[in-house]
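Numbering (UniProt numbering) for the sequence shown: 1 to 160. Using N, Cα and C, we set each Cβ at its ideal position, and we do this for glycine too. Just so we're clear, the structure is a prediction, and the values are computed from it rather than from any experiment. Inspection log for the structure reproduced underneath, given as structure tokens.
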Amino acid sequence: MIAVPGHDSQVDFDPLVLKCYALPLTPEERQLRLQWCQARSMWNVTDWQNVVFSDESRFVFGTDDNRVRVWRCPARVAQGFLCHFQTLPWPARSPDFYPVEHVWDQLKRQMPSCHSVPDLELAVQDLWTHLTQDNIKCLVNSMPDRVASCIVAGGGPTRY
């Protein structure tokens, strides 16, 4: 049982049966997602294989979320590098369009407990080098289906 602050009752809590709830998409977000997908609805697997999927992720070492933070101006650092590439705008709150999210999730599930920054770096590098290209290729090749699924959902959430 968990006591809920501000309530007189208690709530049954089963840690094995937790449901994840996401905030619903606003009509504007749904519209932007739909437009984004419609603009890429004719892209094939080869088109998607030419996209570099990047994202940020955080890894925890120790037992209490002691994160290593490196602060810098990302716009300044990336500006010189990105000027040589065409970047795609990505709709907000659309993790279903980021196959790299699945890669990070896979890495995090396999991550051993690390208690120092060097151990963490070695663990991430080791796991990264052992990612199978077939798995990554499968995720990237799913992009046409992800886009089609969002169009069918009218810009709403998808199973991805």
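| Check | Outcome |
| --- | --- |
| Nearest-angstrom Cα separation, counted from D105 out to D47 | 25 Å |
| First through last residue of the alpha helix (DSSP H) which encompasses M143 | 143-152 |
| Same chain, Cβ closer than 8 Å to L88, neighbours up to 5 away in sequence not counted | V51 |
| Buried or exposed by the 16-neighbour rule on C-beta atoms within 10 Å, applied to P99 | buried |
| Start-to-end residues for the alpha helix (DSSP H) that takes in H130 | Careful: H130 lies outside any alpha helix (DSSP H) and carries neither H nor E. |
| Min CB distance T87 to chain B below 8 Å | Here chain B cannot be found, since the structure has a single protein chain. |
| Simplified DSSP state of R30, which is helix, strand or coil | helix |
| M143 burial status per 10 Å Cβ neighbour count (16 or more: buried) | buried |
| At least 3 beta-carbon pairs within less than 8 Å: the region 151-160 vs the region 22-36 | yes |
| Reduced DSSP category for Q86 - H, G, I as helix; E, B as strand; rest coil | coil |
| Other residues of its chain near L127: CB distance less than 6 Å, five sequence neighbours each side excluded | L107, Q110 |
| Three-state secondary structure (DSSP) of residue 165 | Residue coverage of the chain in this structure runs from 1 to 160, which leaves residue 165 outside it and unanswerable. |
| Boundaries of the alpha helix (DSSP H) in which L107 is found, first to last residue | 99-110 |
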